[in-house]
Amino acid sequence: FTGRTPFAVTGAQSTSSVRMTVTFDAPPDPAQATNPANYSVPGLTLSAPELSGNTVTLTTTPQQAQSYTLTVSNVTRASDGEPLSVATATFQGTPVQPPTVTNVVVTATSPNNGTTPYNTGSTTVVITGTDLATVDCEGAVKGVALDDLNGVDDPVGTTATSCTVDSDTQITATFPPGIRTNGATGWNVIVTNQVGSNSTSAVRFVPVAGLLISEVF
């Protein structure tokens with residue numbers, strides 16, 4: 128006779144170049160299912176498991192266009208502690224693509240001009256797009272820049288003074304003062320990940336020309 132219904136991994140899937148899901152046929156034990164040590168994929172490092180119902184979502188290091196094998200260990204069924212009878216699944220990795228920038232929102236300015244970025248001060252923006260997880264925000268030259276020009280239309284390419292990769296779809300960056308205005312047109316926000324850069328941004332950064340008063344006589 129069969130006894131208790133078996134407990135199994137029913138599949139794994141890549142949802143982006145740095146995210147994947149694991150699906151069980153019943154809710155797993157929450158503490159065990161959210162322990163990253165219980166998941167292994169050769170060639171990838173896994174972290175930050177999040178459980179929702181029968182599905183666990185994990186963050187991965189950048190994937191390649193290849194087949195991966197997931198192995199789950201030490202995870203039991205929540206209702207009765209039944210161990211896994213099927214603990215492996217294969218999935219096709221999603222390779223990192225050149226990034227896109229779909230939105231640029233000013234969140235702070237210094238001096239504080241609200242959300243109007245004057246070129247006499249610095250500006251913090253939230254950049255939304257795709258394939259942003261591998262953008263370098265740790266190096267001396269940040270992977271976030273503008274396609275701005277100087278007064279004789281030579282490329283400047285002002286880089287962000289700081290940036291933080293919030294997720295694969297969001298970066299927070301700060302641009303320095305001194306960026307030349309381009310009227311209402313503004314400048315494209317260019318981000319560079321490990322495979323390339325975007326050439327344009329759906330929304331541009333539009334600095335306003337400001338007057339810097341250094342002395343009153």
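Numbering (the numbering used here), first residue to last: 128 to 344.
From the three backbone atoms N, C-alpha and C, an ideal C-beta is built for every residue, glycine too.
Residues bridged to residue i [DSSP beta-bridge criterion]
| i | result |
| --- | --- |
| arginine 307 | Bridge partners of arginine 307: none, in fact. |
| serine 167 | Thr198 |
| leucine 211 | Phe134 |
| proline 117 | Nothing can be reported for residue 117, as the shown portion of the chain is limited to 128 through 344. |
| valine 318 | Val271 |
| glutamate 177 | Thr184 |
Close beta carbons around residue i, own chain, < 7 Å, minus the five adjacent residues each side
| i | result |
| --- | --- |
| asparagine 165 | Gln159, Val199, Ser200, Asn201, Val202 |
| threonine 255 | Thr229, Asn230, Thr296, Gln297 |
| valine 213 | Ala135, Val136 |
| threonine 327 | Asn315 |
| valine 232 | Val252, Val253 |
| arginine 131 | Asp207, Glu209 |
Cβ-Cβ distance between residue i and residue j below 8 Å
| i | j | result |
| --- | --- | --- |
| aspartate 275 | threonine 285 | yes |
| glycine 305 | valine 333 | no |
| threonine 301 | threonine 251 | yes |
| valine 223 | serine 144 | yes |
| proline 157 | leucine 178 | yes |
| asparagine 320 | arginine 331 | no |
| threonine 257 | threonine 299 | no |
| serine 141 | glutamine 191 | no |
| threonine 247 | leucine 339 | yes |
| proline 303 | serine 237 | no |
Candidates the options: closest to residue i by CA position
| i | options | result |
| --- | --- | --- |
| asparagine 325 | Glu209, Asn230, Leu338 | Asn230 |
| glycine 345 | Ala153, Pro155, Phe344, Pro169 | No information on residue 345 is available, as it lies outside the stretch 128 to 344 that the chain covers here. |
| asparagine 277 | Arg307, Gln224, Ala175 | Arg307 |
| glycine 337 | Leu273, Gly310, Gln191, Gly208 | Gly310 |
| valine 283 | Ser143, Ala272, Thr257 | Ala272 |
| valine 105 | Met147, Pro225, Gln193 | The chain is shown only over 128 to 344; residue 105 falls outside these bounds and no answer can be derived. |
| leucine 185 | Ser294, Ala175, Thr299 | Ala175 |
| arginine 204 | Gln190, Asn246, Pro222, Ala153 | Ala153 |
| cysteine 290 | Val268, Gln321, Cys264 | Cys264 |
| glycine 138 | Arg331, Asn181, Glu342 | Asn181 |
| threonine 187 | Ser206, Pro163, Thr132 | Pro163 |
| serine 294 | Ser194, Leu259, Leu173 | Leu259 |
| lysine 269 | Thr327, Phe151, Val292 | Val292 |
| glycine 208 | Asp280, Pro155, Gly130 | Pro155 |
Integer-rounded CB distance, given that residue j should sit under 8 Å from residue i
| i | j | result |
| --- | --- | --- |
| leucine 211 | valine 149 | Not really, about 11 Å apart at Cβ, beyond 8 Å. |
| valine 335 | proline 244 | 7 Å |
| proline 225 | valine 343 | So it is not a contact: roughly 49 Å between Cβ atoms. |
Contact set for residue i: own chain, Cβ-Cβ below 8 Å, skip 5 residues either direction
| i | result |
| --- | --- |
| threonine 215 | Val136, Thr196, Leu197, Thr198, Val199 |
Residues of its chain near residue i, where Cβ-Cβ distance is below 6 Å and the 5 sequence neighbours each way are ignored
| i | result |
| --- | --- |
| threonine 234 | Thr251, Val253 |
| proline 133 | Ser212 |
| alanine 329 | Thr229 |
| glutamine 193 | Gly220 |
| serine 167 | Thr198 |
Closer than 7 Å: residue i CB and nearest the ligand MG heavy atom
| i | result |
| --- | --- |
| serine 324 | Looking for the ligand MG in the displayed structure turns up nothing, as the structure carries no ligands at all. |
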